[in-house]
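What follows is a short report on a single structure.
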């Protein structure tokens, strides 16, 4: 079985990050993400990097800001309440056009909420969270293997577009174990150059400045417009999704992350009962894969967004379907996970009137 | 959470010997080595011997996917379960219930301690050191060669020594629990046995059992017939983790 090993999602993410060149981790432990930091603590130093448990989430994200400004491949990780604490720093990082990886292993909220899995941070991840006109690249893996693969992609895309990227997984993905195969360690010399980083001028170039404060509104607007042009390009080219049995589907289930796998088992069961049901699984939550919904709104009769929230992604599904078809919602929240049988019951409820 | 509590097939464990088992058995090992699956199956195997069995969810590390997940099933089989008051609730409190003392007080029961991973989990055992001193016990060290931090003898020994130190107890045997879930094949199993043999000889302990999930049991069994571990094979039903990864 080659080089496959068995890992918890949290551990796999940490291992994948170090393999693709991350040598700086700043964070603060929180359930259900703690194994990620614990794994980094065990292995980062052996890889010649720095693991630092900061005094708080706010301190950690500002260390990420500093290290990224100096050109490092850097990350932090936390879970919902901790990600809320980081929002000011995230907005500053986006405002300074810096790449980094932020990991949110989502638990129930709002407030301290609970430690069981949830997807109720969708709005926070995709619609801002912090202040200002900015976006994060948001990746939502559904297996431990995809978690490892997307970690590497998230770092690369963050560098390419000079913006923060987020991996959003629910607590279940962080805690569950699956076989995973990793890429080899990259040579740090092979990472893309960052000519904008504050690495010292050697008296050979103009100094680089990392900053998110602009004294004139004209200058700030110009930067926001330029950044938006980049966002527009990303929306056009970087959306990822998986589509299963949608071509002849009357009803299309929309689900992401681990929940998409439970939804898929409901789709399979519905198919075996002769019901024409398919699944669209967004892999990037921002950019949202709007085009596939525009396309499927032509062929299918309705959509059903299934989430571990009170209904958040369903808004993006509605925007993408643009009123052409009805969009329904089914969700559980607070750490409760929709079961296959419940999703199947929802499918039957809507499909019988089609 | 959705759990797979179904018995996959009716393979009986024939290798548990009532004359050699101890009243108290602690299941320790690296985080994610499969301690909980083994502990639950070990408790069930003890029950098959018509013993009075108690399993203690002794994990102060994992927030979910733990022995308590199988509590209803275990109780339906007549096995007593003690678990932390806050296990699987929306709070993480590394506290153990006072009922744990009953494991030492009630000598009529066979007790399985499902200990948390690494030295952090084993620390909880250290607290009961005075009680363990008074009675003979088994302490198994569970090993999975496909876990990234225990793929060779040297790495496994680091974790082994940390557990030994934190628990203040001496392990008595090795459990080879090497598997790769749905990708488990003869190569995975034989590499696991190789590591377990080398590791066992390094730390001077016997290999008590070689596990195999019942889903792959037939293949493994035909492989193991030709080698010496046939009488140590320990079939496993799977209880923890989300149903969709089974």
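Residue numbers (my numbering), protein chains in the order written: chain F, 24 to 377; chain R, 50 to 295.
In this text, a Cβ means the ideal position worked out from N, Cα and C, and glycines have one as well.
Note that the coordinates shown come from a computational prediction; the quantities given were computed from them, not determined experimentally.
1) Could you give the DSSP three-state label for residue 67 of chain R: helix, strand or coil?
2) Using a Cβ-Cβ cutoff of 9 Å, what residues of the segment 255-288 of chain F are near chain R? List them in chain order.
3) Check for me: the beta strand (DSSP E) holding residue 127 of chain F runs from which residue to which?
4) What first and last residue would you give for the alpha helix (DSSP H) that runs through residue 104 of chain F?
5) Could you give the distance in angstroms between the alpha-carbon of residue 207 of chain F and the alpha-carbon of residue 162 of chain F?
6) Cβ of residue 145 of chain R less than 8 Å from any chain F Cβ?
7) Does any C-beta atom of chain B lie closer than 8 Å to the C-beta of residue 50 of chain F?
8) Going by the C-beta, is residue 149 of chain R closer than 7 Å to any heavy atom of the ligand FMN?
9) In the DSSP output, what is residue 309 of chain F paired with across the bridge?
10) Answer yes or no: do residue 137 of chain F and residue 357 of chain F have a C-beta to C-beta separation smaller than 8 Å?
11) Between residue 58 of chain R and the rest of its own chain, which residues show a CB-CB distance below 6 Å, the 5 nearest in sequence each way excluded?
12) Looking at the secondary structure, which residues open and close the beta strand (DSSP E) in which residue 148 of chain R lies?
13) Using beta-carbon positions only, say whether residue 249 of chain R and residue 256 of chain R come within less than 8 Å of one another.
14) Since I believe residue 333 of chain F is in contact with residue 140 of chain F (beta carbons under 8 Å), could you give me their beta-carbon distance rounded to a whole number of angstroms?
15) What residue does the alpha helix (DSSP H) around residue 48 of chain R start on, and which one ends it?
16) Going by other Cβ atoms of all chains shown within 10 Å of its Cβ, with 16 needed for buried, is residue 26 of chain F buried or exposed?
17) Is it buried or exposed for residue 296 of chain F, if we count other Cβ within 10 angstroms and need 16 for buried?
18) Any beta carbon of chain F sitting closer than 8 Å to that of residue 165 of chain R?
19) At a CB-CB cut-off below 7 Å, which residues of chain F make contact with residue 294 of chain R?
20) Out of R:98, R:117 and R:136, point me to the one whose CA is closest to residue 158 of chain R's CA.
21) Do the segment 285-296 of chain F and the segment 106-115 of chain F make contact, defined as three or more Cβ pairs closer than 8 Å?
22) Check residue 122 of chain R in the structure and name its three-state DSSP category.
23) When the cut-off is 8 Å and only beta carbons count, does residue 139 of chain R lie next to chain F?
24) Pick helix, strand or coil for residue 275 of chain F, following the three-state DSSP scheme.
25) Taking 8 Å as the cut-off, decide whether the C-beta atoms of residue 198 of chain R and residue 223 of chain R are in contact.
26) Going along the segment 186-220 of chain F in order, which residues come within less than 8 Å of chain R, judged by CB to CB distance?
27) Might you give, ordered along the chain, the residues of its own chain that have their beta carbon closer than 6 Å to the beta carbon of residue 52 of chain F, omitting 5 neighbours on each side?
28) Going by C-alpha distance, which of F:96, F:75 and F:58 is nearest residue 42 of chain F?
29) DSSP has residue 60 of chain F in a bridge; who is on the other side?
30) Helix, strand or coil: how does DSSP classify residue 18 of chain R here?
31) Expressed to the nearest angstrom, what Euclidean distance is found between the alpha-carbon atoms of residue 55 of chain R and residue 120 of chain R?
32) Among residues of its own chain, excluding the 5 on either side of residue 80 of chain R, which ones have a beta-carbon nearer than 6 Å to its beta-carbon?
33) Spell out whether any CB of chain F is found under 8 Å from the CB atom of residue 50 of chain R.
34) Would you say residue 114 of chain R lies against chain F (beta-carbon separation less than 8 Å)?
35) Counting only Cβ pairs nearer than 8 Å, list the residues of chain F close to residue 81 of chain R.
36) Using a Cβ cut-off of 9 Å, pull out every chain F residue sitting near residue 72 of chain R, in sequence order please.
So, from the data block:
1) coil
2) Listed by position, the residues of the segment 255-288 of chain F near chain R (Cβ gap below 9 Å) are 281, 284, 285, 287 and 288.
3) 123-129
4) Residues 103-108.
5) 22 Å
6) no
7) Although the question refers to chain B, the structure presented lacks it and instead comprises the protein chains F and R.
8) What this structure holds is no ligand at all, so the ligand FMN is not there to describe.
9) F:161
10) yes
11) At residue 58 of chain R, the pLDDT of 40 sits below 50, so the modelled position is not reliable and the matter cannot be decided from this model.
12) It is not in any beta strand (DSSP E) - residue 148 of chain R carries neither H nor E in the DSSP assignment.
13) yes
14) Rounded, the Cβ-Cβ distance is 15 Å, inconsistent with contact.
15) Not covered by the structure: residue 48 of chain R. The range shown for chain R is 50 to 295.
16) exposed
17) Classification for residue 296 of chain F: exposed.
18) no
19) 199 and 201
20) The residue from R:98, R:117 and R:136 with its alpha-carbon nearest to that of residue 158 of chain R is R:98.
21) At 8 Å Cβ cutoff, the stretches do not touch.
22) In this structure, residue 122 of chain R counts as helix in the three-state DSSP scheme.
23) yes
24) strand
25) Against a cut-off of 8 Å, the Cβ pair of residue 223 of chain R and residue 198 of chain R comes out as no contact.
26) For the segment 186-220 of chain F, the beta-carbon criterion of a distance under 8 Å to any beta-carbon of chain R is satisfied by 194, 195, 198, 199, 200, 201 and 202.
27) 60
28) F:96
29) In DSSP, residue 60 of chain F forms no bridge with anything.
30) This structure leaves residue 18 of chain R out entirely; chain R is present only between 50 and 295.
31) Below a pLDDT of 50, predicted positions are generally treated as unreliable, and residue 55 of chain R, at 36, falls in that range; the measurement from the model is reported next regardless. Roughly 13 Å between the two C-alpha positions.
32) Result list for residue 80 of chain R: 166 and 167, in chain order.
33) Residue placement at residue 50 of chain R cannot be trusted, given a pLDDT of 32 that sits under 50; the coordinates are not used to answer.
34) yes
35) 29, 30, 31, 34 and 200
36) Simply none; closest approach about 31 Å.
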